[in-house]
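2 protein chains.
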Amino acid sequence: MYKKGRRAERFLVEKLWDLEYAAIRVPGSGRSYKRPHPDIVAGNGKKYLAFQVKSTSKERKYFNEKEIADLKEFCSVFGSLPVIAVKFSRSLRLFHPEDLTPTENGYKVDSSQGQTLEEFLHDNTASNRG
Amino acid sequence: MYKKGRRAERFLVEKLWDLEYAAIRVPGSGRSYKRPHPDIVAGNGKKYLAFQVKSTSKERKYFNEKEIADLKEFCSVFGSLPVIAVKFSRSLRLFHPEDLTPTENGYKVDSSQGQTLEEFLHDNTASNRG
């Protein structure tokens, strides 16, 4: 699970560089950090993005409230758009926090929802909504 | 040496948060990355900074050309100001790439040069010069 998440992060970082964003992984999620931080930060001089990344072999993925709250908190200080990225078996799907489906104690997303990275970047050229 | 560098990075990250910048460390400098990347990235919604960080018990520190070129390359894509941070025994001093003194195959800085973090941030509120 840990390795798979890392692989998804590396895959996304490479894709971002190919799309002319400078992207960096922030390893050590959750550990040894007092401050909120995302899994990936990327920028292209106009737009800045911070990603929470997950990987799954299922068709659905869950997030707890704190994960999303931390991402939004980081973005509000840094000045970046919060992005949730899920690597499903067949595709990488991207979501805005407001696109997540609320559950009893968090959120879920489905592999049939969200956008591709290219669609997501294209739809958000104007501003940092975070 | 490695531990000391890491301690300097953590110190700087904490100071940046105190000054209302969201800051993240990017561990694994030089290894396992095909792309250029800095040691720290920080932002406050207006200004974005990328740091190369070094630590020394001496009064002088050296950089090779590639270290500075990589930092500038990252910044030109990401959209951030390149910053060189050196933790000397008694003080943390910050430098723009153009403030470094050229040597035969790189650059050097002296503990009597540069600015404090507060001075540096205050002097660069206007724009991302990177």
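Chains A and B supply the protein sequences, listed in that same order. Counting from 1, position 48 in the first sequence corresponds to residue 48 in this note's numbering; the numbering is continuous, with no gaps. Counting from 1, position 56 in the second sequence corresponds to residue 186 in this note's numbering; the numbering is continuous, with no gaps. All C-beta atoms, glycine included, are put in the ideal place defined by N, C-alpha and C.
For G209/B, the closest of L12/A, V41/A, H37/A and K46/A by C-alpha to C-alpha distance is K46/A.
Boundaries of the beta strand (DSSP E) harbouring V239/B: G236 to D240, taken from the DSSP string. Among the residues of chain B, those whose CB is under 7 Å from the CB of A22/A are F204, V207 and F208, following chain order. Within its own chain, the residues whose Cβ lies closer than 6 Å to the Cβ of D70/A, once the five positions on either side in sequence are excluded, are P36, listed in chain order.
About 13 Å separates the beta carbons of F63/A and V83/A, which is beyond the 8 Å limit, so they are not a contact pair.
For Y192/B, the closest Cβ of chain A is not nearer than 8 Å.
With respect to the C-alpha of H122/A, the residue from E65/A, F11/A and L16/A having the closest C-alpha is L16/A. Straight-line spacing of the CA atoms in T116/A and G135/B works out to 38 Å.
Per DSSP, reduced to three states, the secondary structure at P232/B is strand.
Here S76/A carries a helix assignment [DSSP, helix/strand/coil]. For the C-beta of R35/A, the chain B residues within less than 7 Å are, from N- to C-terminus, W147.
The straight-line gap separating the alpha-carbon atoms of R223/B and G173/B is approximately 19 Å.
I198/B sits close to P227/B, with the two beta carbons spaced by under 8 Å. Not a single C-beta of chain B is nearer than 8 Å to the C-beta of V109/A. Secondary structure at P212/B: strand, using DSSP grouped into helix, strand and coil.
Taken through DSSP and simplified to helix, strand or coil, F11/A comes out as helix. Per DSSP, reduced to three states, the secondary structure at G5/A is helical. Taking a C-beta distance under 8 Å as the contact criterion, R25/A and E9/A qualify as a contact pair. With respect to the 8 Å criterion, L12/A and A85/A are classified as neighbours on the basis of their beta carbons. Residues of the segment 80–108 of chain A with a C-beta atom less than 8 Å from some C-beta of chain B are S80, listed in chain order. The beta-carbon of K176/B is placed less than 8 Å from the nearest beta-carbon of chain A. Annotated as distal: A22/A and I40/A, with beta-carbon spacing of 8 Å or more.
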